[in-house]
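Number 467 in my numbering belongs to position 467 of the sequence shown; there are no gaps in the numbering.
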Amino acid sequence: MELLEFYRHFISSDSKTRNEMLGELKSLEIKKPFNWVSEIFEKLFAESSKDAIIYMNESTGTERKISYREFYENYNRFINFLRQMDIKKGSNIYIMAGAVPEQWIIMMGALKAGFVVIPTAPNLTEYELKFRFSQDPPDVIISDVANTGKLEHSLSTKPLKIVIGEKSGWIQFNEINKMLSDAYPADLYEDDLFIKYFTSGTTGMPKAVKHSSILYPLGQLSTLAAIGIMPDYIHNNLSSPGWAKFAWSSFFAPLCAGATVLSIDYAGRLNSARYLELIGKYSVNSFCAPPTAWRQFLSYKNENNNLANLKETVSAGEPLNGEVINKWKERYGTTIRDFYGQSESTAMVANLPGMKIIPGSMGKPLNSYKIALVDDEMNQINIPFTIGNIAVDNYKGTYGLFLGYSDPEKNSTVFVNRYYLTGDKAYFDDGGYFYFVSRTDDVIKTSDYRVGPFEVESAIIKNEAVMESAVIGVPDPMKYERIKAFVVLNDGYEKNEETARSIYNTVKTLLPYYKHPRIIEFTNELPKTISGKIKRKELKTIEIEKAGNKSSGEYVYHF
C-alpha cells in the first residue's frame, strides 16, 4: 500500500484497525528524500475550508479561527520570510509564547522547510535559557511581547528576533503576510532534525532530545490512535507549549487526522470551572489532560456543564488512580483512558478506545513499538507481575522514537545492544496490561512535570549557607510527588526557618515554581556510596516509609 493511501485508510479506521496498521509502519517503503508536510499533510488537507485551529483566549474572550487552507498559506509565508532572511535548513528556532495560532504556523513551517524547532516553555527562567542557548545557539528566537526581555537578557549572540505583537528592536511576526503563500519543501532524510526537547535527568544538566523529520511525524500515528481522534472531531489538549505533550496532542494528533484543534490559552492557575465551560461551549469531542488537572476538575463542585459531545478523554504523564476515573465517568459519562510515552517517543502503551479499562493500568503496547520488559542484565521478562525495565526491542528505525541525546555518554546508557531503555520500571499482568512502577533514575514527577534532582540541587547550592544537598520526590496525593531537599549547611549557619526560607528564595529566583523544593530538611550528612555519589534511593525509601507523616524531623520546613 502506498503511504498516502495508508494514511487515508488509517485516519478513517476504527481503533482496532488503526493498531493493526501501526504494526505495518516499519514495512512500508518510503522513498528518500521525504517531506511529510508536502507529501502527506498537504495532499490530504491543504485545500480544506474546515477549521484547523480555533483559538480562544480565556481571559480576554478573543477568538480566532484558521481554516486548513489559511493555515497552509500562513506557514508557507513564514517559510518564505525566514528564507528571505537567510535562515537555512538546519537552523535553530526557539519559540517562547502561549498557545497562540503562531505556534502551529511556526512548527508546520519549520517541518516543511527543515528548520529545527526548540520549544521553550514561557515559565523557563533566564538561568535555564542561558544554559540552553550555550548548548544550541539560536539562529531565530520568536517570542510574545511578555517574554522578550527575559530572552534578550539571556542572549550572548545576535539571532534574528521576531515578536508576536510589537516590540522595539524586534521584527513583527505579521511581516510574514507580505510573502507569497507557496513555498518549496526541503529534501529531508532520517538524520535531519525537526525538533529538540531539553529533558531532565538525575545527573548533569538537561539533555537535548533529538527527533527526526521523518520518524517523528510518521510515528505520531501512534498518538492519534491512543487518543482516538476522528477527522470530524474537535480536539483539546490541556498542555502548555514548550513540552513534548503539546507537539503530541495539540499539534500532530489532531492535524494528522484532519480534525479541528481547540486552543484554550489561559494565564496563571487553571480555572477549572471556566475551562470545562469552554470544553462544553465548543462541543469538544476528544480531551487530553494530565492527572493533576483531572483531580482539579473533580474538585469543582458544579456538575451542570454540558459535555454531551465529549467522546474520548485521555490522560498521560503519571498513573491515574481508579477513584478519579470512576468519579469522572459517573459525573460526565466518559472513561478517562491512561496512556504512556516520553519526550523521547510518541505514545508507546495505551488503553485504546473500546478496550476494557483496568484502573491503574496504562494499557497495552501499541504495535508500532516492540515493547519489552528486561531485567538489569538485559534478559527479557516473560513472567507476569515481575517488575522490570521498560524497553523498546529492535529500536532502530522505530517510527516515533528519537535519534538520541545531545550527550554521547547518556546515549551509551540507554541504547544497549538491541534495546532502548526508557528509564521507567513497570510490570504486566496475565492479560498483557502494563502497570507503571517508577522512574529508574529518580527523576521527580510532580504535577505532570519531570524535574531532575541535579537541576534543583544546582540552584540550592548557589545559596551561601549550603554545603551540599540531595533532592528527591516524596509521595503527594494531588501532585503525585512533592520536591524535598535534604541540606547540609556550611559552618556558621543555623538550622532554622530563616535559613530554610533563604534557600527557598534562592531557588525561587532561578527556577520556575514547579521546581521549587516544597520541603527543606536540614541534616548533618547525606548517605553516599564509597565513590562519593549521593544515595537518593536510600533517602526516598525512608520517606516512602514515613508517607503521611507531615513532619519528619526536628529541622523540617514546608513551603
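Ideal Cβ positions, reconstructed from N, Cα and C, are used throughout, including at glycine.
Counting along the chain, T446 sits inside no alpha helix (DSSP H); it lies in the beta strand (DSSP E) bounded by residues 444-446. In the structure shown, the three-state DSSP call for S502 is helix. Here T398 is buried: its Cβ has 16 or more other Cβ atoms, across all protein chains shown, within 10 Å.
Around the CB of N394, fewer than 16 other CB atoms lie within 10 Å, so the residue is classed as exposed. Taking 4 residues as the shortest admissible run, the region 437-502 contains the following complete alpha helix (DSSP H) segments, listed from N- to C-terminal end: 453-460. Bounds of the alpha helix (DSSP H) holding N74 are 68-84. DSSP, reduced to helix, strand and coil, places P119 within a strand of the structure shown.
When DSSP states are grouped into helix, strand and coil, R8 belongs to the helix group. Beta bridge pairing from DSSP links L193 with S212. Here DSSP, grouped into helix, strand and coil, assigns M56 to strand. For M96, the enclosing beta strand (DSSP E) starts and ends at 92-96. G90 and P185 have their C-alpha atoms spaced approximately 13 angstroms apart.
Residue nearest to I87 within the set T413, G322, F115 is F115 (criterion: CA-CA distance). S315 and S361 have their C-alpha atoms roughly 12 angstroms apart.
Per DSSP, the unbroken beta strand (DSSP E) holding R337 starts and ends at 336-341. Collapsing the DSSP output to three states places N367 in coil.
Annotated three-state conformation of V416 is strand, per DSSP.
Bounds of any beta strand (DSSP E) do not take in N382, whose DSSP letter is neither H nor E. Nearest Cα to K329 within the set R295, F339, E545: R295.
W170 and V163 have their C-alpha atoms some 6 angstroms from each other. In this structure, the alpha-carbon of G98 lies about 15 angstroms from that of I118.
Ranked by how close their Cα comes to the Cα of Q220, the residues L401, N74, G363, Y72 have L401 in first place.
Judged by DSSP secondary structure, S222 falls within the alpha helix (DSSP H) whose first and last residues are 221-227.
G169 sits in coil when the DSSP states are folded into three classes, being neither helix nor strand. Residues of the same chain with a CB within less than 8 angstroms of the CB of I336, apart from the 5 flanking positions on each side, are W294, T313, V314, S315, L320, V324, I325, W328, K329 in chain order.
Taking a cut-off of 8 angstroms for Cβ pairs, the region 279-293 and the region 69-81 do not touch, as fewer than three such pairs fall below it. In the displayed model, R295 falls within a helix according to three-state DSSP. The region 261-274 and the region 54-69 touch, with no fewer than 3 CB-CB distances between them shorter than 8 angstroms.
I444 is not a Cβ neighbour of K540, given a cutoff of 7 angstroms. Comparing alpha-carbon positions, the option among M107, D441, L262 lying closest to L193 turns out to be M107. Ranked by how close their Cα comes to the Cα of V451, the residues Y514, S67, L307 have Y514 in first place. Contact between the region 207-216 and the region 7-14 is absent, with fewer than three C-beta pairs closer than 8 angstroms. The beta carbon of N123 lies closer than 6 angstroms to those of P512 in the same chain, with the five residues before and after it left out. The C-beta distance from G363 to F339 rounds to 6 angstroms, short enough to fall under 8 angstroms.
Of the other Cβ atoms in all chains shown, fewer than 16 fall within 10 Å of the Cβ of A308; this residue is therefore exposed. Per the Cβ contact rule, the region 258-272 is not in contact with the region 374-393 (fewer than 3 Cβ pairs under 8 angstroms).
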